[in-house]
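Whatever position you read off the sequence shown (first residue = 1), add 265 for the numbering used here.
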Amino acid sequence: MKSFILDRNLAQLALLQRIELADDKLKKLRKLLGRYMFSKIFSKYLIDIKKISENYSIIMNKEFNTIKKFTIGKKKFLSIGAGIGGLELLILNSTSDAHMSFIEKNYISNKIRYGWDNLNKEGYNDLTQLDNFLKKNKISEERYQIFDFDKKNFPINYFDTILSIYSLDYHYDFQIYAKYLKKIMKKESTLIFDTIRPNYFQNIFENVEIIKEDINTVHQSKRIACTTFK
Ligand SMILES: C[S@@+](CC[C@H](N)C(=O)[O-])C[C@H]1O[C@@H](n2cnc3c(N)ncnc32)[C@H](O)[C@@H]1O
């Protein structure tokens with residue numbers, strides 16, 4: 266397996282988006298000196314870029330395996346909260362004529378707080394870096410489009426597969442996107458996301474399939490694939 270190409274800025278973002286990439290030394294410093302110092306300084310300067318790149322690539326390859334069957338033969342993808350886009354890069358590399366749209370925040374919180382975020386105030390991304398990651402890893406510009414969540418001009422075209430890995434209903438309420446998703450999802454579209462309340466979505470969608478269960482990990486959630494709004 267080839268590792269992704271990351272520079273320091275990208276490795277820092279990957280770490281902020283995937284706290285399981287932090288080693289014990291970093292976790293201790295975060296506890297001792299606080300979230301601000303961690304988010305701004307340690308996550309950038311006290312990291313081994315090569316190691317983060319290797320481990321981030323391993324994690325993303327595992328994620329890819331969980332959703333692979335929803336990518337085969339598909340061309341139109343939307344990712345909500347992709348982070349720097351490792352999983353999305355693997356999808357684009359696996360299907361030569363696939364296109365990916367991204368909706369993300371262009372904002373990094375000063376003191377990143379993980380977990381449920383009722384007001385959806387937290388953001389851990391920089392859209393210039395998302396673009397930089399795709400370019401560095403040889404994805405041509407016409408294969409993707411990036412939309413800033415706060416500008417609200419979301420894409421309204423058809424998507425085969427809509428992904429939101431550890432973002433929608435994991436960090437913030439499904440309701441934030443419910444109307445939009447209802448508008449764009451067609452009978453053939455599949456929406457995949459992580460949640461701790463899969464049963465709730467039985468009332469919203471005709472079909473809800475659990476495709477991954479996290480039990481003994483930091484995530485403690487289920488990944489579901491949903492089709493057809495009721
Ligand atoms: C825990 S990270 C997961 C990133 C990536 N999907 C992964 O699996 O590594 C959550 C991501 O959701 C993004 N996010 C937060 N609120 C969002 C919103 N309303 N719309 C889109 N993305 C959002 C954050 O900026 C962050 O990149």
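We treat Cβ as the ideally placed atom computed from N, Cα and C, and that holds for glycine.
Distance CB(residue i)-CB(residue j) smaller than 9 Å
i	j	result
residue 377	residue 300	yes
residue 270	residue 402	yes
residue 421	residue 443	no
residue 308	residue 291	yes
residue 398	residue 275	yes
residue 434	residue 460	yes
residue 356	residue 279	no
residue 312	residue 282	no
residue 273	residue 314	yes
residue 419	residue 445	yes
Delimiting residues of the beta strand (DSSP E) encompassing residue i
i	result
residue 456	455 to 460
residue 452	No beta strand (DSSP E) holds residue 452; DSSP gives it neither H nor E.
Bounding residues of the alpha helix (DSSP H) (the contiguous stretch that carries residue i)
i	result
residue 331	314 to 332
residue 444	440 to 449
residue 359	351 to 359
residue 393	392 to 401
residue 292	289 to 298
residue 279	273 to 282
One or two residues paired with residue i in a DSSP bridge
i	result
residue 490	457, 474
residue 413	369
residue 345	368
residue 429	458
residue 379	DSSP lists no partner for residue 379.
residue 437	433
residue 389	373
Residue i versus the options, residue with shortest Cα-Cα distance
i	options	result
residue 400	287, 370, 492, 358	358
residue 395	381, 380, 373	373
residue 430	352, 455, 389	352
residue 426	407, 490, 275	490
residue 454	460, 383, 335	335
residue 574	338, 493, 354	Outside the modelled stretch of the chain, which goes from 266 to 495, sits residue 574, for which no answer is possible.
residue 389	475, 412, 371, 404	371
residue 338	326, 346, 327, 360	360
residue 391	375, 404, 406, 295	375
residue 382	432, 354, 408	432
residue 406	451, 354, 445	354
residue 409	479, 362, 380, 466	362
residue 379	483, 487, 465, 447	483
residue 285	487, 481, 495, 488	481
residue 475	487, 347, 428, 466	487
residue 467	452, 448, 495, 485	495
residue 471	415, 296, 447, 404	447
Cβ-heavy atom distance, residue i to ligand 3, below 8 Å
i	result
residue 305	With respect to ligand 3, the structure offers nothing, as its ligand set consists of ligand 1.
Original post:
Can we say the segment 363 to 371 touches the segment 330 to 346, given the rule of at least three CB pairs closer than 8 Å?
Top reply: Because the criterion of three Cβ pairs below 8 Å is met, the segment 363 to 371 and the segment 330 to 346 touch.
Subject >> Cβ contact (3+ pairs, closer than 8 Å) linking the segment 300 to 310 and the segment 319 to 335 >> reply: Judged by Cβ distances under 8 Å, the segment 300 to 310 makes no contact with the segment 319 to 335, as fewer than three pairs qualify.
**OP:** Evaluate contact between the segment 422 to 440 and the segment 312 to 322, counting only Cβ atoms and requiring at least three cross-stretch pairs below 8 Å.
**Re:** Under the 8 Å Cβ criterion, the segment 422 to 440 does not count as touching the segment 312 to 322, having fewer than three qualifying pairs.
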